[in-house]
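Enquirer:
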Amino acid sequence: MSTEARTVHFPAADWGGGVHPYRVGHRKLGMWLFIVSDSLTFSALLMGYAYLRASNVWPTPFPFYPSIVFSSVMTFCLLSSSLTMVFGVSASSHGNKTAARKWILATIFFGVAFIVLHLIEWNHLIGEGLRPFSLPAHWVSTFTTTDGKLPTPLFGATFFTITGLHMFHVATGAVYLSVVAARVKKLKHEDIEISGLYWHFVDLVWMFVFPLIYILSVDVGGHLAK
Amino acid sequence: MSAHVEEEHFAGSNKLFTSIWVWLILLTLIEIFLAYRPMPIHFMLTILLGLSIIKAALIVAYFMHMKFERLSLILTIVPMLVVCICLLFVFFPDSIRSAGLRYEFKEQPPAAEEH
Chain A
1 MSTEARTVHF PAADWGGGVH PYRVGHRKLG MWLFIVSDSL TFSALLMGYA YLRASNVWPT
61 PFPFYPSIVF SSVMTFCLLS SSLTMVFGVS ASSHGNKTAA RKWILATIFF GVAFIVLHLI
121 EWNHLIGEGL RPFSLPAHWV STFTTTDGKL PTPLFGATFF TITGLHMFHV ATGAVYLSVV
181 AARVKKLKHE DIEISGLYWH FVDLVWMFVF PLIYILSVDV GGHLAK
Chain B
1 MSAHVEEEHF AGSNKLFTSI WVWLILLTLI EIFLAYRPMP IHFMLTILLG LSIIKAALIV
61 AYFMHMKFER LSLILTIVPM LVVCICLLFV FFPDSIRSAG LRYEFKEQPP AAEEH
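Top to bottom, those sequences are chains A and B.
In terms of this note's numbering, the first sequence has 92 at position 92, counting the first letter as 1, and numbering is strictly consecutive.
In terms of this note's numbering, the second sequence has 54 at position 54, counting the first letter as 1, and numbering is strictly consecutive.
Here it is, written out as structure tokens:
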């Protein structure tokens, strides 16, 4: 038997993908897979929220000011941060790392603004007496139905869990982008694009959290103010 | 990292991205407007979810660059995610059933028996 190494031909070309079937590097593919798994985490949380909401009397306590005004401005901040991030990635793809850093810093600014506004909003609700497993007394009296059914105390649990996990993602993203901004000259373009993917995902999640948590719980008739 | 991946330019112009941002802001304003329109919650939920899916699609397609990726990547990620999320709805009818099973405390909860 010959000791000469045989040349093995993998039929990679037969399926048209070559060695890069997705035309992305393994790190970018890894980020996409992380985003898929994180999407399922948030989907499961939102489904849990929908389950509780459908099976209970649900309070709708958010007034126009501060809750809806704050959450709308927060949405504006996140959407704008996505725009600055995509400008940063675009600048990076053209080799302009200085401009990329500038846009990433703008993205971090909007992200931090989001967190600050969200914490003010949380502080307002906690000040009113909302806790993970109990409602403020005046919410209970306002939203008890005419046949005596009490509103569920789990409103706070779902609100703080979902918005808290999202805020944690924003905070993590701000730290991640800070590292990227600091090392932008040393990083490859794809690394900056990957950080952009994460940031846009955080924005994307808010596009579901904002309407489902805030818009669907607006105190339309101003019941709490009466 | 492959060299050919590195060489590729990020498709899409800043003008395109700005127009997507404007659309996202407009859709958000519609959502806020709808919040104060009296309508059954089922209609509201359907419209809001529809708008959210459109917004998510715009973000994924343009900001996350998915529109410019190879079809094999899109087919690997998107259908699986959609199917998994749809499967979560299997729990949902139980929420309506359990609403009818819950004991309603009209007054104080009954005291535990003393032994």
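For each residue, glycine too, the CB sits at the ideal point set by N, CA and C.
All of these numbers come straight from a predicted model, not from anything done at the bench.
Measure how close the beta-carbons of S67 of chain A and E121 of chain A come, nearest whole angstrom, since I'm counting them as under 8 Å.
Expert: Correct: roughly 6 Å between the Cβ atoms.
Enquirer: Can you list the residues of chain A that M64 of chain B reaches, using a CB-CB cut of under 7 Å?
Expert: Going along chain A in sequence order, the residues near M64 of chain B (Cβ under 7 Å) are L197, H200.
Enquirer: Flag W23 of chain B as yes if its beta-carbon sits less than 8 Å from any beta-carbon of chain A, otherwise no.
Expert: Not one chain A Cβ lies under 8 Å of W23 of chain B.
Enquirer: Applying the criterion that 16 or more other CB atoms from any shown protein chain within 10 Å of the CB defines a buried residue, is L212 of chain A buried or exposed?
Expert: L212 of chain A should be labelled buried.
Enquirer: Give a yes or no on whether the minimum CB-CB distance between L204 of chain A and chain B is below 8 Å.
Expert: It does: the Cβ of L204 of chain A has a partner Cβ on chain B nearer than 8 Å.
Enquirer: Can you check whether the CB of V202 of chain A is closer than 8 Å to the CB of G173 of chain A?
Expert: Result yes, Cβ atoms of G173 of chain A and V202 of chain A sit closer than 8 Å.
Enquirer: State the start and end residues of the unbroken alpha helix (DSSP H) segment that holds S227 of chain A.
Expert: The structure shown does not extend to residue 227 of chain A, since chain A is modelled only from 1 to 226, so the question has no answer here.
Enquirer: Which of the three DSSP states, helix, strand or coil, is assigned to V209 of chain A?
Expert: Here V209 of chain A sits in helix by DSSP.
Enquirer: Just the Cα atoms here: how many angstroms apart are S95 of chain B and A54 of chain A?
Expert: Distance between the alpha carbons of S95 of chain B and A54 of chain A is about 6 Å.
Enquirer: Strictly below 9 Å CB to CB, what residues from chain B border S40 of chain A?
Expert: Going by the sequence as given, residue 40 of chain A is Leu instead of Ser. Within 9 Å Cβ-Cβ: L81, C84, I85, L88.
Enquirer: If we ignore side chains and look at the alpha-carbon of each, how far apart do K226 of chain A and V220 of chain A end up?
Expert: The alpha-carbon atoms of K226 of chain A and V220 of chain A are separated by roughly 12 Å.
Enquirer: Would DSSP call R27 of chain A helix, strand or coil?
Expert: Helix, per DSSP.
Enquirer: Closest to H169 of chain A by CA distance: which of A:K28, A:G30, A:W199, A:F133 is it?
Expert: Taking only the C-alpha atoms, the option nearest H169 of chain A is A:W199.
Enquirer: Distance cutoff 8 Å, beta carbons only. Does R101 of chain A sit that close to anything in chain B?
Expert: No - not a single Cβ of chain B is within 8 Å of the one on R101 of chain A.
Enquirer: What does A44 of chain A touch in chain B if you count any residue whose Cβ is under 8 Å from its own?
Expert: L88, listed in chain order.
Enquirer: Closest by CA to I74 of chain B, which one among A:T145, A:G164, A:Y22, A:H138?
Expert: Ranking the options by Cα distance to I74 of chain B, first place goes to A:Y22.
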